[in-house]
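Novice: Residue numbers (the numbering used here), protein chains in the order written: chain E, 96 to 304; chain R, 86 to 702.
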Amino acid sequence: MNNNYYLRYEKTENVKYVSHLDFVRMFGRALRRAHLPIAYSEGFNPHPLLGFALPLSVGYTSECEILEIALTEELSTEEIMQRFNRVLPDGVKILSVHEGKSNMKKLDIALYQVFPEKTPAGILEFLAMDKILIEKKTKSGIKETDIRPDIKGIKVTLGKIEMTLSAGSRNNLKPEVVIAAMNKYIAGYNSGDCRYHRKQIFDLEMNVI
Amino acid sequence: MSSLQNLDKLFSKVQKATHYCGGELNSVIKNPEDVKIRYAFAFPDTYEVGMSHLGMKILYHILNKREDTYCERVFAPWIDMEEEMREAGVPLFTNETHTPVKEFDFLGITLQYEMCYSNVLNMLSLAGIPLLSSERGEDDPFVNGGGPCAYNPEPLAEIFDFFTMGEGEDVIGELMDAFNEWKEEGGTRKDYLKKIAKIEGIYVPSLYDVSYNEDGTIKSMAPNCPEAPVKVKKRIISDLDKVTYPDKFIVPFSDIVHDRSNIEVFRGCIRGCRFCQAGMIYRPVREKSADTLVKDACALIESTGYEEMGLSSLSTSDYTQLPELTDKLLALTEKEKVSLSLPSLRVDNFSLDLMERVQKVRKSGLTFAPEAGSQRMRDVINKNVSEEDLIKSATLAFEGGWNSVKLYFMIGLPYEDYPDIKGISELAEKVVECFYKSDKTNKRRPPSVTLSVASFVPKPFTPFQWAAQDSIETLSEKQLFLKNEIRNRKIRYNYHQSDVSVLEGVFARGDRKLGKVLLRAHELGCKLDGWNECFSLEKWEQAFNDCGIDMEFYTRARDYDEILPWDFVDIGVTREFMINENEKAKQALTTPNCREKCSGCGAAKLCKEKKGCVCFE
Ligand code: SF4
Numbered sequence: 096m097n098n099n100y101y102l103r104y105e106k107t108e109n110v111k112y113v114s115h116l117d118f119v120r121m122f123g124r125a126l127r128r129a130h131l132p133i134a135y136s137e138g139f140n141p142h143p144l145l146g147f148a149l150p151l152s153v154g155y156t157s158e159c160e161i162l163e164i165a166l167t168e169e170l171s172t173e174e175i176m177q178r179f180n181r182v183l184p185d186g187v188k189i190l191s192v193h194e195g196k197s198n199m200k201k202l203d204i205a206l207y208q209v210f211p212e213k214t215p216a217g218i219l220e221f222l223a224m225d226k227i228l229i230e231k232k233t234k235s236g237i238k239e240t241d242i243r244p245d246i247k248g249i250k251v252t253l254g255k256i257e258m259t260l261s262a263g264s265r266n267n268l269k270p271e272v273v274i275a276a277m278n279k280y281i282a283g284y285n286s287g288d289c290r291y292h293r294k295q296i297f298d299l300e301m302n303v304i
Numbered sequence: 086m087s088s089l090q091n092l093d094k095l096f097s098k099v100q101k102a103t104h105y106c107g108g109e110l111n112s113v114i115k116n117p118e119d120v121k122i123r124y125a126f127a128f129p130d131t132y133e134v135g136m137s138h139l140g141m142k143i144l145y146h147i148l149n150k151r152e153d154t155y156c157e158r159v160f161a162p163w164i165d166m167e168e169e170m171r172e173a174g175v176p177l178f179t180n181e182t183h184t185p186v187k188e189f190d191f192l193g194i195t196l197q198y199e200m201c202y203s204n205v206l207n208m209l210s211l212a213g214i215p216l217l218s219s220e221r222g223e224d225d226p227f228v229n230g231g232g233p234c235a236y237n238p239e240p241l242a243e244i245f246d247f248f249t250m251g252e253g254e255d256v257i258g259e260l261m262d263a264f265n266e267w268k269e270e271g272g273t274r275k276d277y278l279k280k281i282a283k284i285e286g287i288y289v290p291s292l293y294d295v296s297y298n299e300d301g302t303i304k305s306m307a308p309n310c311p312e313a314p315v316k317v318k319k320r321i322i323s324d325l326d327k328v329t330y331p332d333k334f335i336v337p338f339s340d341i342v343h344d345r346s347n348i349e350v351f352r353g354c355i356r357g358c359r360f361c362q363a364g365m366i367y368r369p370v371r372e373k374s375a376d377t378l379v380k381d382a383c384a385l386i387e388s389t390g391y392e393e394m395g396l397s398s399l400s401t402s403d404y405t406q407l408p409e410l411t412d413k414l415l416a417l418t419e420k421e422k423v424s425l426s427l428p429s430l431r432v433d434n435f436s437l438d439l440m441e442r443v444q445k446v447r448k449s450g451l452t453f454a455p456e457a458g459s460q461r462m463r464d465v466i467n468k469n470v471s472e473e474d475l476i477k478s479a480t481l482a483f484e485g486g487w488n489s490v491k492l493y494f495m496i497g498l499p500y501e502d503y504p505d506i507k508g509i510s511e512l513a514e515k516v517v518e519c520f521y522k523s524d525k526t527n528k529r530r531p532p533s534v535t536l537s538v539a540s541f542v543p544k545p546f547t548p549f550q551w552a553a554q555d556s557i558e559t560l561s562e563k564q565l566f567l568k569n570e571i572r573n574r575k576i577r578y579n580y581h582q583s584d585v586s587v588l589e590g591v592f593a594r595g596d597r598k599l600g601k602v603l604l605r606a607h608e609l610g611c612k613l614d615g616w617n618e619c620f621s622l623e624k625w626e627q628a629f630n631d632c633g634i635d636m637e638f639y640t641r642a643r644d645y646d647e648i649l650p651w652d653f654v655d656i657g658v659t660r661e662f663m664i665n666e667n668e669k670a671k672q673a674l675t676t677p678n679c680r681e682k683c684s685g686c687g688a689a690k691l692c693k694e695k696k697g698c699v700c701f702e
């Protein structure tokens, strides 16, 4: 019988350009260095049983990433956290370890923090728009899409824009797309280069995952 | 010293930011304030190529073991990154601390192949370091070259401040010690260069004058100061069991060419193929014991977590403790759930059995390297493989269920004729035939034979260093001839660009006069020549034309009494041995390998320690 755990980890500036796939491989190697009794899949090419929540875009930092692992032995959550953190490269850190499975399959909404060079004076008009149309490249050419339904909320404070957006497999809206729309529709606004940070993930009822 | 800020703007715009930003597991972090020497180690090609290179890992480790030194890495940026850097005015910087390379004490550049020379110049220019050694000031880093191409460094003589000949583990420390002494003495740049010219294995080109005959050949080359030796002797490590081997490899985040840990089984090669530079310059063979290797392997698995472990050496089948080593490694890798990646081994019952144990299921391709098609030609190049051996091995492989084999050949070899080239297709036919002749092969899976045919490039320090190199036209003709000879649909034919081979040969055997061609090619925008999408023969031809230099001067045959640009380097193997080998080649006579019978090549004198060295077995 395998023992299931899930880990919450952060991905900071140092490693933000590491792609999701490269991150998955990095964790596989870290598990070996940590000597954690990881369960392997069956078959000719056994690979460690790992599960990740919503992939993070390249260039984003996050403090709410989730990794599910299955171990062949029971270990205390502190032990797992210690062993892992000892072998992870700078910039990746396990923040907490929990027993069982996470609710990541229910993921529906994510909260992002965006740090632009300039914040807009007001956001209300933008949010009051019926439709926020952006151009999206698809296989069959450029298509207009309305992103308004996927924006749950936007809050602007000094130097920071917080966005609550649809996330996950049903609908997924990236904050950089919202920034592009703000640049397009808010008169005179130019965000400049932005940093993106994922702060929290939620299910449909806004319960933290 | 300052690390660059605001690089994020660049990183966010390029495709592979992880190639430039550092922070990989096991990369070394030191406070630059705490060290006396800062050494930038450059691999003049892209990150994924450079990070796969073992020599760099070794020297990085050895330099960083010193408390007074901080070694950091730098690679040739890809086109997108270079554009961003030039536009933003950001100079070449190291991956670890993002410090401009110009601010370092040393810039060490490893020269693995001639086609990276344009990258060397481009990296210097991106770094804002004067391209010519003579134009560098007291604040510029010392530009140091090493690696196989340093054995004929002459085309780069005006660009580098000095070169290191041979294995670097010991000499790099001596260079650092000399640097500290020199700093205390408060000398000039030139003082340092004179000081290190006395260290065995160090070549300072500015301390030598070269004069030429009217026909462009060398009249003389001699030191212009007492510190510089007439002959520069290569350095080797005598006892590989005692030399430091990294217990940690940097683990890149992104995929690289050889993404695994590696242990180095031995150096050198017993075989003595006459075209092969590695087989001569790394002589004599020195082995590591199986115990040391298992220890190295354990440390690397522990520190990297790599899922794959490779063995590194030339002709690994010649390792005397191979069965013992593979048994021990398999026990280790199975326990740690690491897969063992085997180098190409001579195909026999032992290796097939080994592959069976290692790969368990996937029977992908096997490779053979007969190198030449006819027996006469294989004797010319001293590749001691007979047709019978090859057919026997191929039959074994087919019967063992490996249904696709790859055969490596060369064309354009000295003393070659069209029947020899035809021999390549005939041999390939026989390999296909042996599949059908055997009643133990699985006829439902037809065999596939792939021919990979490279163009021969004459290299310094080989018995063929005097030979003429075929022109691009002749090579293309020969490739086409061979293509037409191949009629069997089970045989696939791949060949290499012959224009690159010719250019490679020109620089491999080049002299100081080629320095200006390199500078001109750089001006014309030559870079990343190892990448098909970047290489431009036209630009190189223009560079030669603009400088009034004829490539044919460098592809021609040489006489034994001509002074060759690299004659001042002593690699241990004697000139007499090379001449004798070339003479034997003309008569298609073979020379036994080091284990069958020592041929007295001269390399034995390099080994101070007899243990592990083939010359004293
Ligand atoms: S001295 Fe003899 S054994 Fe040693 S490398 Fe030369 S030929 Fe081989």
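Think of the CB as a built atom: it goes at the ideal place given N, C-alpha and C, for glycine as much as any other residue.
Using a strict less-than 6 Å threshold between each residue's beta carbon and the heavy atoms of the ligand SF4, what residues do you get?
Specialist: 368(R), 369(R), 679(R), 683(R), 684(R), 685(R), 686(R), 688(R), 689(R), 699(R), 700(R)
Novice: Output yes if chain R places a C-beta closer than 8 Å to the C-beta of residue 278(E); else output no.
Specialist: no
Novice: To the nearest angstrom, report how far apart residue 187(R) and residue 223(R) are at their CA atoms.
Specialist: 12 Å
Novice: Any beta-carbon of chain R closer than 8 Å to the one on residue 121(E)?
Specialist: yes
Novice: At which residues does the beta strand (DSSP E) containing residue 32(R) begin and terminate?
Specialist: Residue 32(R) cannot be examined here, being either before or after the span of chain R that is shown, 86 to 702.
Novice: Where do the N-terminal and C-terminal ends of the beta strand (DSSP E) with residue 270(E) fall, by residue?
Specialist: Counting along the chain, residue 270(E) falls outside any beta strand (DSSP E), though it belongs to the alpha helix (DSSP H) covering 270 to 280.
Novice: Do three or more CB pairs link the region 539 to 549 of chain R to the region 590 to 607 of chain R at distances below 8 Å?
Specialist: Counting Cβ pairs under 8 Å, three or more are found: they touch.
Novice: What does residue 110(R) touch in chain E if you count any residue whose Cβ is under 9 Å from its own?
Specialist: The answer, in chain order, is 121, 124, 125, 128, 182, 183, 184, 185.
Novice: Helix, strand or coil: which one does DSSP assign to residue 540(R)?
Specialist: strand
Novice: Can you check whether the C-beta of residue 209(E) is within less than 8 Å of a C-beta belonging to chain R?
Specialist: So, not an interface residue.
Novice: Mapping the DSSP letters down to three states, classify residue 161(R) as helix, strand or coil.
Specialist: coil
Novice: For the pair the region 207 to 214 of chain R and the region 155 to 173 of chain R, tell me if three or more CB-CB distances fall below 8 Å.
Specialist: yes
Novice: Just the C-alpha distance for residue 597(R) and residue 306(R), rounded to the nearest angstrom, thanks.
Specialist: 11 Å
Novice: What distance in whole Å lies between the Cβ atoms of residue 250(R) and residue 277(R), which are believed to be in contact at a cut-off of 8 Å?
Specialist: Residue 277(R) to residue 250(R), Cβ: 18 Å. No contact.
Novice: Hey, is the region 191 to 211 of chain R in contact with the region 164 to 178 of chain R, meaning 3+ C-beta pairs nearer than 8 Å?
Specialist: yes
Novice: On the DSSP bridge list, what partners appear for residue 295(E)?
Specialist: 206(E)
Novice: In this structure, does DSSP put residue 106(E) in helix, strand or coil?
Specialist: Note: residue 106(E) maps to strand in three-state DSSP.
Novice: When the distance is taken between beta carbons, is residue 166(R) closer than 8 Å to residue 105(R)?
Specialist: yes
Novice: What I want to know is whether the C-beta of residue 562(R) ends up closer than 7 Å to one or more non-hydrogen atoms of the ligand COA.
Specialist: As presented, the structure is devoid of the ligand COA, carrying the ligand SF4 as its sole ligands.
Novice: Which same chain residues, not among the five before or five after residue 232(R), have their C-beta less than 7 Å away from its C-beta?
Specialist: The beta carbon of residue 232(R) lies closer than 7 Å to those of 140, 195, 196, 197 in the same chain, with the five residues before and after it left out.
Novice: Could you work out which residue in 394(R), 117(R), 694(R), 349(R) is closest to residue 377(R) when comparing CA atoms only?
Specialist: Out of 394(R), 117(R), 694(R), 349(R), the CA that lies nearest to the CA of residue 377(R) is found in 349(R).
Novice: Determine the direct distance from the alpha carbon of residue 517(R) to that of residue 485(R), and round the result to whole angstroms.
Specialist: 15 Å
Novice: With 16 as the cutoff for other CB atoms within 10 Å, does residue 244(E) come out buried or exposed?
Specialist: exposed
Novice: Under DSSP, the alpha helix (DSSP H) around residue 159(E) begins and ends at which residues?
Specialist: First-last for residue 159(E): 155 to 166, but that is the beta strand (DSSP E), not the alpha helix (DSSP H).
Novice: Is it true that the region 327 to 337 of chain R meets the region 357 to 368 of chain R, where meeting means three or more beta-carbon pairs spaced less than 8 Å apart?
Specialist: No, the region 327 to 337 of chain R is not in contact with the region 357 to 368 of chain R.
Novice: Going along chain E in order, which residues have a C-beta closer than 9 Å to the C-beta of residue 336(R)?
Specialist: Under the 9 Å cutoff, chain E gives 121, 124, 184.
Novice: Just to confirm before moving on: does the CB-CB distance between residue 536(R) and residue 494(R) stay below 8 Å?
Specialist: yes
Novice: Looking at chain E, is there any beta carbon in it that lies within less than 8 Å of the beta carbon of residue 88(R)?
Specialist: No, because no Cβ of chain E sits closer than 8 Å to the Cβ of residue 88(R).
Novice: According to DSSP, simplified to helix, strand and coil, what is residue 307(R)?
Specialist: strand
Novice: Taking only beta-carbon atoms, is residue 106(R) less than 8 Å away from chain E?
Specialist: yes
Novice: So, residue 157(E) versus residue 292(E), is the Cβ gap smaller than 8 Å?
Specialist: yes
Novice: With 8 Å set as the bound, which would you pick, yes or no: does the beta-carbon of residue 160(R) sit closer than that to a beta-carbon of chain E?
Specialist: Taking CB atoms only, residue 160(R) has no neighbour in chain E less than 8 Å away.
Novice: Evaluate residue 139(E) with the Cβ neighbour count: other Cβ atoms within 10 Å of its Cβ, from every protein chain shown; 16 or more gives buried, anything less gives exposed.
Specialist: Per the 10 Å Cβ criterion, exposed.
Novice: Tell me which residue opens and which closes the beta strand (DSSP E) that residue 381(R) is part of.
Specialist: That residue, residue 381(R), is in no beta strand (DSSP E); its alpha helix (DSSP H) goes 375 to 389.
Novice: So, using beta-carbon positions, are residue 356(R) and residue 371(R) closer together than 8 Å?
Specialist: Between residue 356(R) and residue 371(R), the C-beta gap is not smaller than 8 Å, which leaves the two residues out of contact.
Novice: Alpha carbon to alpha carbon, how far is residue 112(R) from residue 634(R)? Give it in angstroms, no decimals.
Specialist: 44 Å
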